[in-house]
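Visitor: Throughout, this note's numbering is defined as the position within the sequence shown, counted from one, plus 40. One structure, pasted below without further comment.
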Amino acid sequence: MREVKLPISSNQLTVLSMGVAAILWTQAASAAAEDMPSTTLQTITVTANTSVRENVQEDSVYIDNYTPAAQASHLSDFLDVIPGVEVGGTSTVNQRIRVRGLDDTNLKVTVDGARQEGALFYHMGDVTLDPDLLKQAEVAVGNNSVTLGNDAIGGAVAFETVDAADLLKPGQKIGAKLKAGYASNNDELLTSATVYGAPTDNIDLLAYYGKRDTDSGEDGDGRELYEDSESENILLKAGAYIGDDHHVGASFSRTEKEGVFPFRPDFPSLPNSRGLDVIPQEIKRDTYTLDHNFNPANSLIDVDTTVYQTETQILRDSEDVGNFDFDAKVKTTGVKIENTSVIDTNNGRHKLIVGAEHYEKESEMARDGSATANDDANNTSVYLENQWQIGKLTLTPGVRYDRYESPEFVAGGSTYDNVVGAFAASYEVAPRTQVFASYTELFNGPDLGQTVFNSNGEGIYVNNDLKPEEGYNSEVGVATTLRDLTIADDALQLSAKYFRSNIENYQQFMRTGSRPGRFGIDCETGAIGGDCQGMFNSDEDYKIDGVELAANYTTRDFGMGLSYSRARSEGDKTGNSIPSVSGSGADSGDRYMVNLDYAANDMVDLGWRSTYVASITDNQGETKPSYDVHDVYVNYSPRQFDGLKATVGVYNLFDETYASHASRLNTADATATDFEMGRNIKTSLTYQF
């Protein structure tokens, strides 16, 4: 999709206003300031909608100028800025992305176009990624396009790593970027080096190596958040233009983290009754991609092809205590091809997207020297979407077909043939003001079971009658940009959106055991209560309602932003919210964010970010308490040293004791709550030459 650049030069771009710029930004806002320059450096891009419709709901945040992203060690450091998006889990081995309450098992997550499928262990996160690798992250808040497809009930997150072209200056043949960072709370030390070059006019190369050493941190009350780890990150990329029409690229990225973590990483302070407070563990992700673009001087042809493979692994060694050793892996292999055609007719302009994708996901589990247990699923899809612009009106119909073959030990290998449709419209009711609406049907075939429970069917109820998740996502909203309100070249962007999602046949996993909520499944009938475990469809449908509001005011040297988001899920029979693997309901309290930034001159940027999340009480009377967190930071780029930037930030300034509402949270037991870090002072130094 098109990346919308914010029209402010890189040395004047305000830090906190860029944080709030992760809101709904309109195409009109971009068009209104085409005469102003924009940066082309390494970026974090966040968008409210990754539909191929290039109209409303798109936005960008630049990493070199948005300090929480530039100093990020956790995905929450920058993704949380987007209304409707939260990242739970204190440790990076437990970071969990949630969009409007739905976690990453209901999101399409990719790295450089490679799907990150499957769930490994419900006490850990499934997104193994260090933010220091990233160039940008595109986020679809809600599913608003048939291009997203299966495993995208709640939307999508597309991470992209940095390219040499993003770092090379005009005319530069070779360059390097060195970075060092330190965080006081957990004595985290980051060192990284990137070397990149263009040995010829048509070839670019990049090599990155980063190392992050982390000790245990503390929450606001001084409780230890157990972790002692080392991580290594590698990125290798190459690209080449062949003639005028072809571009080919290849990449390999790895995130590997090894150390001592809690037995259950989402209980970071809980002593284990079986003698295991912390145990050695290793988490690793390897991603390989090959891509090709064919774009001749023909508006009908712009073909992108991506072939990929990614493997994520958790390897645990409980040092011969109990039977807690395991080696769990999920590998996804796939190919995607998509063509974009632009067709001008007497009845308007058509932007036609035609695509096809096939991927296979496989899980593999070995425990305590026992035989390996496996399962797999695959999906083949084709889709068509047409953005039809007729003057001020844009209509976007779409249709998608999926053929999904389910896992053998989850749904008996059942095959689902499914067709979904979508329709969206936007209209420019006044200059730089658009109203929009969309309706998208949803489909999600049965996912792989959690890899740690793989057993080749032993003790598992295989549900041959398991239905796919279905439903719809609908949205209406308005976005406008007002310019020259108080001074020349200022801008105020306003946006408001209401959404409703409906999910039928919600899929849940029932474990055996005597704990509350663990009733097992009858091994023969599939009824709740028995000695087996497995997947079943909820007997009630869920709806998710909410609003997302944003206001962002910018001048050349000052930025101020406000955002508000609210999402509530409800079952049609019990009124309960959607259940969550983190042990509490999926809903979070209303979130308010304030961002301020001031560029004192071309060397110094000052910033402040404040996040307030209101308390929320679910249908069972359980309350997630409110919290209020403040961050302040400053960037300094001395004129005497071109390419040098120093940053200091104080995060959680007032040492608040809190847990994100997207994390495991137990108000009755502090040791069973995944508290966030207390006050954390981060410093970093970057030199690019």
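We put the beta carbon where it would ideally sit given N, CA and C, even for glycine.
Who are LEU402's beta bridge partners in DSSP?
Guide: Taking the sequence shown and counting its residues from 1, the one referred to as residue 402 is at position 362. Rather than Leu, the amino acid found at residue 402 in this sequence is Glu. GLU402 is bridged to LYS371 and ASP416.
Visitor: Just the C-alpha distance for LYS297 and PHE549, rounded to the nearest angstrom, thanks.
Guide: Residue 297 sits at position 257 when you count from the first residue of the sequence shown. Residue 549 sits at position 509 when you count from the first residue of the sequence shown. Using only the alpha carbons, I get a separation of about 28 Å.
Visitor: Name the one or two DSSP bridge partners that CYS572 has.
Guide: Along the sequence shown, read from residue 1 onward, the residue named residue 572 stands at position 532. Answer by DSSP bridge pairing, in chain order: ILE561.
Visitor: Output yes or no for whether 8 Å exceeds the beta carbon distance between ASP268 and GLU228.
Guide: Working through the sequence shown from its first residue, we reach residue 268 at position 228. Working through the sequence shown from its first residue, we reach residue 228 at position 188. Contact: no.
Visitor: Return yes when the Cβ of SER293 is within less than 8 Å of the Cβ of ASP152, no when it is not.
Guide: Counting from one through the sequence shown, the residue named residue 152 turns up at place 112. Counting from one through the sequence shown, the residue named residue 293 turns up at place 253. In contact: ASP152 and SER293 (Cβ atoms closer than 8 Å).
Visitor: With a CB to CB cut of under 6 Å and the five nearest residues on each side skipped, what residues in its chain are close to ASP344?
Guide: Numbered from 1 along the sequence shown, position 304 holds the residue referred to as residue 344. Counting only Cβ-Cβ distances below 6 Å, and skipping sequence neighbours, we find ASN333 and GLU378.
Visitor: Kindly give me the distance between the Cβ atoms of SER603 and PRO123, rounded to whole angstroms, as I take these residues to be in contact under 8 Å.
Guide: Taking the sequence shown and counting its residues from 1, one reaches residue 603 at position 563. Taking the sequence shown and counting its residues from 1, one reaches residue 123 at position 83. Yes, they are in contact, since the Cβ atoms of SER603 and PRO123 sit about 5 Å apart, within 8 Å.
Visitor: Judging by CA-CA distance, which residue of GLY250, MET643, THR240 and VAL167 is the nearest neighbour of LEU218?
Guide: Within the sequence shown, residue 218 is the residue found at index 178, counting from 1. Nearest of GLY250, MET643, THR240 and VAL167 to LEU218, Cα basis: GLY250.
Visitor: Which of helix, strand or coil does DSSP assign to PRO320?
Guide: For the purposes of this step, residue 320 is taken as residue 280 along the sequence shown, with counting starting at 1. Strand, per DSSP.
Visitor: Looking at ALA154: is its Cβ nearer than 8 Å to the Cβ of THR352?
Guide: Counted from its first residue, the sequence shown places residue 154 at position 114. Counted from its first residue, the sequence shown places residue 352 at position 312. Their beta carbons are not under 8 Å apart, which means ALA154 does not touch THR352 by this criterion.
Visitor: Compare the Cα-Cα distances from GLN573 to each of GLN490, TYR638 and HIS701 and report the closest residue.
Guide: Within the sequence shown, the letter at position 533 stands for residue 573. When only C-alpha atoms are compared, the closest one is GLN490.
Visitor: Throw me the rounded Cβ distance for the SER466 and SER454 pair, which I believe falls under 8 Å.
Guide: Translated into positions along the sequence shown, residue 466 becomes position 426. Translated into positions along the sequence shown, residue 454 becomes position 414. Not a contact, Cβ separation roughly 39 Å.
Visitor: Could you say which of GLY165, ALA413, SER113 and GLY615 lies nearest to GLN660 if we only look at CA atoms?
Guide: The count along the sequence shown starts at 1 and reaches residue 660 at position 620. Nearest C-alpha to GLN660: GLY615.
Visitor: Using CA coordinates, which residue listed in ALA192, GLN135, ALA110 and LEU174 is at the minimum distance from SER541?
Guide: Position 501 of the sequence shown, counting from 1, holds the residue named residue 541. For the residues ALA192, GLN135, ALA110 and LEU174, the minimum Cα distance to SER541 belongs to ALA192.
Visitor: For a quick check, are the C-beta atoms of PHE539 and ASN513 less than 8 Å apart?
Guide: Start at 1 with the first residue of the sequence shown, and residue 539 comes out as number 499. Start at 1 with the first residue of the sequence shown, and residue 513 comes out as number 473. Yes, they are a contact pair.
Visitor: Taking one C-beta from the region 257–266 and one from the region 710–727 each time, how about it: are there three or more such pairs within less than 8 Å?
Guide: Touching, per the Cβ criterion.
Visitor: If you measure between the beta carbons of TYR698 and TYR667, is that distance less than 8 Å?
Guide: As a first step, residue 698 must be located in the sequence shown, where it is residue number 658. As a first step, residue 667 must be located in the sequence shown, where it is residue number 627. Contact flag set, yes.
Visitor: Near THR707, what residues of its chain come up, given a Cβ to Cβ distance below 8 Å and the 5 sequence neighbours on each side ignored?
Guide: By one-based count along the sequence shown, residue 707 stands at place 667. GLU662, THR663, LYS664, PRO665 and THR713, listed in sequence order.
Visitor: Using 10 angstroms around the beta-carbon of LEU525, count the other beta-carbons present and answer buried if the total reaches 16, otherwise exposed.
Guide: Counting from one through the sequence shown, the residue named residue 525 turns up at place 485. The residue is exposed, with fewer than 16 neighbouring Cβ atoms inside 10 Å.
Visitor: In terms of residues, what are the limits of the alpha helix (DSSP H) holding ASP206?
Guide: The count along the sequence shown starts at 1 and reaches residue 206 at position 166. First-last of the alpha helix (DSSP H) with ASP206: 204–207.
Visitor: Taking buried to mean at least 16 other C-beta atoms within 10 Å of its own C-beta, is THR711 buried or exposed?
Guide: Counting from one through the sequence shown, the residue named residue 711 turns up at place 671. THR711 should be labelled exposed.
Visitor: Return the chain-ordered list of same chain residues with a C-beta closer than 6 Å to the C-beta of LEU725, the five sequence neighbours on each side being excluded.
Guide: Locating residue 725 in the sequence shown gives position 685, counting from the first residue. Taken in chain order, the residues that qualify are ALA220 and ALA686.
Visitor: Where are the beta strand (DSSP E) runs, 3 residues long or more, that stay fully inside the region 633–688, in chain order?
Guide: The qualifying runs are 644–653 and 667–676.
Visitor: Consult DSSP for VAL492 and reduce its assignment to one of helix, strand or coil.
Guide: Here residue 492 refers to the residue found at position 452 when the sequence shown is read from its first residue. DSSP places VAL492 in helix when its eight states are reduced to three.
Visitor: Could you say if the region 122–139 and the region 164–180 meet the contact criterion of at least three C-beta pairs nearer than 8 Å?
Guide: The region 122–139, when compared against the region 164–180, does touch it at the 8 Å Cβ threshold.
Visitor: Within the continuous beta strand (DSSP E) that includes GLU448, where are the two ends?
Guide: If you number the sequence shown from 1, residue 448 lands on position 408. That residue, GLU448, is in no beta strand (DSSP E); its alpha helix (DSSP H) goes 448–451.
Visitor: Rounded to whole angstroms, what's the CA-CA distance from GLU610 to TYR582? Just pull it up for me.
Guide: To locate residue 610, count along the sequence shown from 1; it is residue 570. To locate residue 582, count along the sequence shown from 1; it is residue 542. Each residue's alpha carbon lies about 5 Å from the other.
Visitor: Inspect the beta-carbon positions of GLY625 and SER617 and report whether they are closer than 8 Å.
Guide: Position 585 of the sequence shown, counting from 1, holds the residue named residue 625. Position 577 of the sequence shown, counting from 1, holds the residue named residue 617. The answer is yes: Cβ separation under 8 Å.
Visitor: Helix, strand or coil, according to DSSP, for THR614 in the structure here?
Guide: Counting from 1 along the sequence shown, the entry for residue 614 is found at position 574. In the structure shown, THR614 sits in coil (DSSP, three-state: anything other than H, G, I, E or B).
Visitor: For VAL672 and GLY215, I'd like the C-alpha separation in whole angstroms.
Guide: Within the sequence shown, residue 672 is the residue found at index 632, counting from 1. Within the sequence shown, residue 215 is the residue found at index 175, counting from 1. When rounded, the distance between both Cα atoms is 31 Å.
Visitor: Tell me whether THR201 is buried or exposed, calling it buried when 16 or more other Cβ atoms sit within 10 Å of its Cβ.
Guide: Indexing the sequence shown from 1 puts residue 201 at position 161. THR201 should be labelled buried.
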